[in-house]
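Novice: Starting off with a structure, shown below.
There are 2 protein chains.
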Amino acid sequence: MAKTMLLIAAASASAGAAVTAMLLGKRDGQAQPASTISPPSGPSTAKSSTPALTTTENVQSGSKNIIDPSGWFSYGAPGPTNDLASRTSFISVYDRRMRNPAWVAEHITAESLSGAKGDRRNSVFLEDQAVPEIFRARLKDYFRSGYDRGHMAPAADAKFNQQAMDETFYLTNMCPQVGEGFNRDYWAHLEDFCRRLTAKYRSIRVITGPLYLPKLDSDGKYRVSYEVIGSPPNVAVPTHFYKIILGESGAAPSPTASVAIGAFVLPNAPIDNKTPLAEFSVPVEMIEKASGLDFLSLVPTERRRSLCREVDCSILKW
Amino acid sequence: MAKTMLLIAAASASAGAAVTAMLLGKRDGQAQPASTISPPSGPSTAKSSTPALTTTENVQSGSKNIIDPSGWFSYGAPGPTNDLASRTSFISVYDRRMRNPAWVAEHITAESLSGAKGDRRNSVFLEDQAVPEIFRARLKDYFRSGYDRGHMAPAADAKFNQQAMDETFYLTNMCPQVGEGFNRDYWAHLEDFCRRLTAKYRSIRVITGPLYLPKLDSDGKYRVSYEVIGSPPNVAVPTHFYKIILGESGAAPSPTASVAIGAFVLPNAPIDNKTPLAEFSVPVEMIEKASGLDFLSLVPTERRRSLCREVDCSILKW
Numbered sequence: 001m002a003k004t005m006l007l008i009a010a011a012s013a014s015a016g017a018a019v020t021a022m023l024l025g026k027r028d029g030q031a032q033p034a035s036t037i038s039p040p041s042g043p044s045t046a047k048s049s050t051p052a053l054t055t056t057e058n059v060q061s062g063s064k065n066i067i068d069p070s071g072w073f074s075y076g077a078p079g080p081t082n083d084l085a086s087r088t089s090f091i092s093v094y095d096r097r098m099r100n101p102a103w104v105a106e107h108i109t110a111e112s113l114s115g116a117k118g119d120r121r122n123s124v125f126l127e128d129q130a131v132p133e134i135f136r137a138r139l140k141d142y143f144r145s146g147y148d149r150g151h152m153a154p155a156a157d158a159k160f161n162q163q164a165m166d167e168t169f170y171l172t173n174m175c176p177q178v179g180e181g182f183n184r185d186y187w188a189h190l191e192d193f194c195r196r197l198t199a200k201y202r203s204i205r206v207i208t209g210p211l212y213l214p215k216l217d218s219d220g221k222y223r224v225s226y227e228v229i230g231s232p233p234n235v236a237v238p239t240h241f242y243k244i245i246l247g248e249s250g251a252a253p254s255p256t257a258s259v260a261i262g263a264f265v266l267p268n269a270p271i272d273n274k275t276p277l278a279e280f281s282v283p284v285e286m287i288e289k290a291s292g293l294d295f296l297s298l299v300p301t302e303r304r305r306s307l308c309r310e311v312d313c314s315i316l317k318w
Numbered sequence: 001m002a003k004t005m006l007l008i009a010a011a012s013a014s015a016g017a018a019v020t021a022m023l024l025g026k027r028d029g030q031a032q033p034a035s036t037i038s039p040p041s042g043p044s045t046a047k048s049s050t051p052a053l054t055t056t057e058n059v060q061s062g063s064k065n066i067i068d069p070s071g072w073f074s075y076g077a078p079g080p081t082n083d084l085a086s087r088t089s090f091i092s093v094y095d096r097r098m099r100n101p102a103w104v105a106e107h108i109t110a111e112s113l114s115g116a117k118g119d120r121r122n123s124v125f126l127e128d129q130a131v132p133e134i135f136r137a138r139l140k141d142y143f144r145s146g147y148d149r150g151h152m153a154p155a156a157d158a159k160f161n162q163q164a165m166d167e168t169f170y171l172t173n174m175c176p177q178v179g180e181g182f183n184r185d186y187w188a189h190l191e192d193f194c195r196r197l198t199a200k201y202r203s204i205r206v207i208t209g210p211l212y213l214p215k216l217d218s219d220g221k222y223r224v225s226y227e228v229i230g231s232p233p234n235v236a237v238p239t240h241f242y243k244i245i246l247g248e249s250g251a252a253p254s255p256t257a258s259v260a261i262g263a264f265v266l267p268n269a270p271i272d273n274k275t276p277l278a279e280f281s282v283p284v285e286m287i288e289k290a291s292g293l294d295f296l297s298l299v300p301t302e303r304r305r306s307l308c309r310e311v312d313c314s315i316l317k318w
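As you go down the protein sequences, you meet chains A and B in turn.
Each residue of the first sequence is one higher than the one before, counting from 1 in the UniProt record's numbering.
Each residue of the second sequence is one higher than the one before, counting from 1 in the UniProt record's numbering.
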């Protein structure tokens with residue numbers, strides 16, 4: 001039986017050899033230069049009391065170590081590696097498996113929004129060469145996909161200079177977004193809502209990213225299902241997007257001041273502009289569970305205020 | 001319009017408020033203790049020439065810094081955090097979003113397999129308390145799911161003592177696997193194949209993990225679709241599993257010696273035991289592209305030999 005047939009025949013399996021062919025790029029067993037290798041992210045500090053990578057002491061046969069699982073690292077550190085990019089107006093962390101950012105954190109103030117030296121008509125979309133080629137989202141993945149290259153940190157938040165504006169066009173700041181009714185409409189109004197908050201708060205921080213959420217199927221099971229665009233299929237199309245918004249009263253983050261917090265999850269789909277933003281409000285924890293991320297671990301409950309109790313959470317202009 | 005209705009109405013969106021409710025655990029805006037916070041994994045070294053987290057220098061209005069995107073880290077470091085566990089017989093890295101390991105690396109030798117002091121009948125499945133509760137896979141997620149708690153590093157590779165055996169039962173070493181025809185059959189034979197390789201090679205290393213692969217839908221689009229088990233839905237059911245097997249000739253990894261490499265991707269589905277293992281052989285790079293991981297970056301092409309050219313890649317006993 002041919003490999004292709006075999007894998008296709010297996011229930012709920014992917015198309016086997018065809019998938020292999022799809023997923024393969026040009027790299028062919030070539031080693032990457034050692035300079036691109038990162039060790040796996042350290043153990044969570046919850047585990048750091050256990051000395052990592054010292055297992056050779058554990059398994060002894062008489063006086064001799066018989067196995068050493070950490071020996072794999074002599075061949076490479078699997079990762080996952082978080083490609084962190086520190087830009088002028090935002091910081092992004094890239095998810096190599098989904099080929100989308102995991103999160104993008106930006107900072108806006110009335111002052112940062114007041115400049116107009118950057119013009120998006122002078123910017124072009126950019127593949128991020130800092131991400132190894134086999135993990136990189138590419139312009140051709142988006143081409144004719146039917147989806148917009150949707151900014152996580154908005155271009156309009158980086159008008160204070162052209163470099164800042166240009167940097168928002170890296171694909172490591174993009175996800176595939178439904179254009180009409182979403183990226184060009186409701187989502188754009190949500191971005192504007194964030195900017196308008198600078199009238200109320202001295203400083204606004206926004207963290208934005210994709211989600212891939214399960215839904216209940218007709219057979220009573222929950223499944224996550226998302227499209228993958230590009231040829232070969234490369235970039236995941238998120239089912240939803242989140243924004244967590246912080247309103248700060250001070251000029252800089254304080255370890256003791258409270259912050260106003262709003263968290264929103266929107267489907268990657270057309271949304272009627274008449275829909276109240278509050279309909280999409282969720283607890284931060286819902287986004288944490290769904291994303292595997294931990295956004296506000298240094299902010300105890302008593303320092304958290306509800307943004308939507310302090311401002312009208314509406315995309316309508318006040 | 002109720003939030004639930006609204007989100008359900010959005011095309012290809014998840015069930016909104018219902019999903020929120022599902023995904024929410026007991027934690028309610030509680031801050032985690034500071035000791036569990038890890039900074040985001042460092043920048044990939046490819047980017048390390050760009051000083052990270054120094055963006056305050058970038059945006060100046062006259063002599064004053066006007067924004068500081070890194071200020072978010074005063075509230076928490078989003079991650080992703082890789083929960084690395086160093087066990088007696090293996091090392092695992094956990095994926096908090098999928099609630100499965102990302103990879104599990106083990107080391108076996110004829111000597112490590114010769115002991116029989118550990119017995120799986122004395123072991124019990126264990127939730128991994130080192131993973132924060134909201135990200136932890138739980139025993140109840142698997143209960144009545146229809147899937148086995150499938151070992152990545154097999155119990156049978158850790159018979160040399162009871163502690164090593166017990167550690168293979170952490171859920172951070174498990175994924176939901178189809179039982180009959182896969183975990184208890186073909187997959188078990190593949191694990192046995194790895195052990196038998198110790199007759200040919202002085203040392204065997206195996207890295208094992210889940211994949212979530214796209215397949216071609218009837219509408220001509222590629223989609224990833226996988227079940228999520230537990231109530232609320234918590235643990236992803238992988239569509240496939242990979243094993244990368246290294247055969248070493250020496251007593252320890254050498255920076256110059258060549259290694260025999262085999263890489264296999266199997267669907268999480270019943271497989272006829274008559275199917276040749278070679279049918280599932282893939283280039284390592286296919287697994288790297290699909291997983292976002294980088295397994296052998298320190299091994300240049302000239303040090304890579306093909307395992308299946310040196311041994312009969314078959315689950316049948318030689």
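Idealized CB from N, CA, C, for every residue including glycine.
Within 10 Å of its beta-carbon, does B:P132 have 16 or more other beta-carbons around it, so buried, or fewer, so exposed?
Specialist: In the second sequence, the residue the question calls residue 132 of chain B occupies position 132. Looking at its Cβ environment, which holds 16 or more other Cβ atoms inside 10 Å, B:P132 is buried.
Novice: For B:C313, report the span of its beta strand (DSSP E) as first-last.
Specialist: Locating residue 313 of chain B in the second sequence gives position 313, counting from the first residue. Where B:C313 is concerned, there is no enclosing beta strand (DSSP E), given that its DSSP letter is neither H nor E.
Novice: Between which two residues does the alpha helix (DSSP H) carrying A:V206 extend?
Specialist: Numbered from 1 along the first sequence, position 206 holds the residue referred to as residue 206 of chain A. Segment 203 to 211 is the beta strand (DSSP E) holding A:V206; no alpha helix (DSSP H) there.
Novice: Just by C-beta distance, which residues in the segment 68 to 87 of chain B are closer than 9 angstroms to chain A?
Specialist: Correct list: D68, P69, S70, G71, W72, F73, S74, Y75, G76, A77, P78, G79, P80, T81, N82, D83, L84, A85, S86, R87.
Novice: Would A:R99 and A:F135 be called neighbours here (beta carbons separated by less than 8 angstroms)?
Specialist: Stepping through the first sequence from its first residue, residue 99 of chain A is reached at position 99. Stepping through the first sequence from its first residue, residue 135 of chain A is reached at position 135. Yes, the Cβ-Cβ distance between A:R99 and A:F135 is below 8 angstroms.
Novice: If you count every other CB in all the chains shown that lies within 10 Å of the CB of A:T275, and 16 or more means buried, which is it?
Specialist: Numbered from 1 along the first sequence, position 275 holds the residue referred to as residue 275 of chain A. Its Cβ being crowded by 16 or more others within 10 Å, A:T275 is buried.
Novice: Cβ of B:R309 within 8 angstroms of Cβ of B:L246?
Specialist: In the second sequence, residue 309 of chain B corresponds to position 309, counting from 1. In the second sequence, residue 246 of chain B corresponds to position 246, counting from 1. No, these two residues do not count as a Cβ contact at 8 angstroms.
Novice: Grab me the residues of A:Q162's own chain with a C-beta within less than 8 angstroms of its C-beta, minus the 5 sequence neighbours each way, in chain order.
Specialist: In the first sequence, the residue the question calls residue 162 of chain A occupies position 162. So the qualifying residues of the chain are K117, G118, D119, N122, S123.
Novice: Let me know the secondary structure DSSP gives A:Q162 once reduced to three states.
Specialist: Locating residue 162 of chain A in the first sequence gives position 162, where the first residue counts as 1. Here A:Q162 sits in helix by DSSP.
Novice: Could you compute how far the alpha carbon of B:V93 sits from the alpha carbon of B:I207?
Specialist: One-based indexing of the second sequence puts residue 93 of chain B at position 93. One-based indexing of the second sequence puts residue 207 of chain B at position 207. When rounded, the distance between both Cα atoms is 11 angstroms.
Novice: B:R97 versus chain A: which residues are under 7 angstroms apart at the beta carbon?
Specialist: On the second sequence, position 97 is the one that residue 97 of chain B refers to. Proximity of chain A to B:R97 at the Cβ level (cut-off 7 angstroms) is accounted for by S291, G292, in chain order.
Novice: Measure the CB-CB distance between A:L213 and A:H240 and report whether it falls below 8 angstroms.
Specialist: To locate residue 213 of chain A, count along the first sequence from 1; it is residue 213. To locate residue 240 of chain A, count along the first sequence from 1; it is residue 240. Yes. Within cutoff.
Novice: What does A:E106 pair with, by DSSP beta-bridge criteria?
Specialist: Taking the first residue of the first sequence as position 1, residue 106 of chain A is located at position 106. Its beta-bridge partners are A:F90, A:V206.
Novice: Can you pull the chain B residues whose beta carbon is under 7 angstroms from the beta carbon of A:I245, in chain order?
Specialist: Translated into positions along the first sequence, residue 245 of chain A becomes position 245. Here the premise fails: no neighbours, minimum Cβ distance about 11 angstroms.
Novice: Pick out the complete beta strand (DSSP E) segments inside the segment 184 to 264 of chain B, 3 residues or longer, and give them in chain order.
Specialist: 203 to 211, 214 to 216, 222 to 229, 240 to 248
Novice: Return yes when the C-beta of B:G76 is under 7 angstroms from any heavy atom of the ligand FAD, and no when it is not.
Specialist: You won't find the ligand FAD in this model; it holds no ligand whatsoever.
Novice: Which of the three DSSP states is assigned to A:G79 in this structure?
Specialist: The residue labelled residue 79 of chain A in the question sits at position 79 within the first sequence. In the structure shown, A:G79 sits in coil (DSSP, three-state: anything other than H, G, I, E or B).
Novice: Comparing alpha-carbon positions, which option in B:F73, B:R304, B:I91, B:D68 lies nearest B:T168?
Specialist: For the purposes of this step, residue 168 of chain B is identified with residue 168 of the second sequence, where counting begins at 1. Taking only the C-alpha atoms, the option nearest B:T168 is B:I91.
Novice: Assign A:L293 to one of three DSSP states: helix, strand, or coil.
Specialist: For the purposes of this step, residue 293 of chain A is taken as residue 293 along the first sequence, with counting starting at 1. Looking at A:L293 - three-state DSSP - the assignment turns out to be coil, as it is neither helix nor strand.
Novice: With a threshold of 8 angstroms between beta carbons, is B:S41 in contact with chain A?
Specialist: Taking the second sequence and counting its residues from 1, the one referred to as residue 41 of chain B is at position 41. Confidence at B:S41 is low in this model, with a pLDDT of 43, below 50, so its placement is unreliable and the value that follows should be read with caution. Cβ-Cβ to chain A under 8 angstroms: yes for B:S41.
Novice: Beta-carbon within less than 8 angstroms of A:P300's beta-carbon, same chain only, minus the 5 sequence neighbours each way: which residues are those?
Specialist: Residue 300 of chain A sits at position 300 when you count from the first residue of the first sequence. Once the five neighbours on either side are set aside, A:P300 has no close Cβ partner at all.
Novice: Going along chain B in order, which residues have a C-beta closer than 9 angstroms to the C-beta of A:W187?
Specialist: As a first step, residue 187 of chain A is located in the first sequence; it is residue number 187 there, counting from the start. Simply none; closest approach about 12 angstroms.
Novice: So with CB distances below 7 angstroms, who are the chain A contacts of B:L296?
Specialist: As a position in the second sequence, residue 296 of chain B is number 296, starting the count at 1. Ordered by position in chain A, the residues that pass the 7 angstroms Cβ test against B:L296 are Y75, G76.
Novice: Just verifying my parser: in three-state terms, what is the DSSP assignment at A:R99?
Specialist: The sequence position of residue 99 of chain A within the first sequence is 99, counting from 1. In the structure shown, A:R99 sits in coil (DSSP, three-state: anything other than H, G, I, E or B).
Novice: Can you give the Cα-Cα distance for A:L307 and A:S249, rounded to whole angstroms?
Specialist: Here residue 307 of chain A is taken as the residue at index 307 of the first sequence, counted from 1. Here residue 249 of chain A is taken as the residue at index 249 of the first sequence, counted from 1. Annotation: A:L307 to A:S249 spans about 12 angstroms, alpha carbon to alpha carbon.
Novice: Determine contact between the segment 170 to 177 of chain B and the segment 147 to 160 of chain B, defined as no fewer than three beta-carbon pairs at a distance below 8 angstroms.
Specialist: yes
Novice: If you run the structure through DSSP and keep just helix, strand and coil, what is B:A269?
Specialist: Along the second sequence, read from residue 1 onward, the residue named residue 269 of chain B stands at position 269. Note: B:A269 maps to coil in three-state DSSP.
Novice: Which of the three DSSP states is assigned to B:L298 in this structure?
Specialist: By one-based count along the second sequence, residue 298 of chain B stands at place 298. Of the three classes helix, strand and coil, the one that applies to B:L298 here is coil, per DSSP.
Novice: Classify residue 319 of chain A as helix, strand or coil using the three-state DSSP reduction.
Specialist: With chain A covering only 1 through 318, there is no way to say anything about residue 319 of chain A.
Novice: Could you work out which residue in A:Y75, A:G262, A:A158 is closest to A:E285 when comparing CA atoms only?
Specialist: Translated into positions along the first sequence, residue 285 of chain A becomes position 285. Taking only the C-alpha atoms, the option nearest A:E285 is A:G262.
Novice: When you check each C-beta in the segment 189 to 221 of chain B against every C-beta of chain A, which residues fall closer than 7 angstroms?
Specialist: R205, I207, L213, P214, K215, L216, K221
Novice: Drop a sphere of 10 angstroms on the beta-carbon of B:T184, count the other beta-carbons inside from all chains shown, and report buried for 16 or more, exposed for fewer.
Specialist: Here residue 184 of chain B corresponds to residue number 184 of the second sequence, with the count starting at 1. Checking the sequence, you will find Arg at residue 184 of chain B rather than Thr. B:R184 should be labelled exposed.
Novice: Note down, in chain order, every chain A residue with its Cβ under 7 angstroms from the Cβ of B:Y226.
Specialist: Start at 1 with the first residue of the second sequence, and residue 226 of chain B comes out as number 226. Near B:Y226 (Cβ distances below 7 angstroms), the residues of chain A are R223, V224.
Novice: Note down the Cα distance separating A:D312 from A:N234, rounded to an integer number of angstroms.
Specialist: Here the question's residue 312 of chain A lines up with position 312 in the first sequence. Here the question's residue 234 of chain A lines up with position 234 in the first sequence. For A:D312 and A:N234, the distance between alpha carbons rounds to 39 angstroms.
Novice: Taking B:Y142 as part of the alpha helix (DSSP H), name the residues at either end of that continuous run.
Specialist: Walking along the second sequence from the start, residue 142 of chain B turns up at place 142. Taken as a continuous stretch (DSSP letters only), the alpha helix (DSSP H) holding B:Y142 covers 139 to 142.
Novice: Assign B:S89 to buried or exposed, taking buried as 16 or more other Cβ atoms, counted over all protein chains shown, within 10 Å of its Cβ.
Specialist: Taking the second sequence and counting its residues from 1, one reaches residue 89 of chain B at position 89. Label assigned to B:S89: buried.
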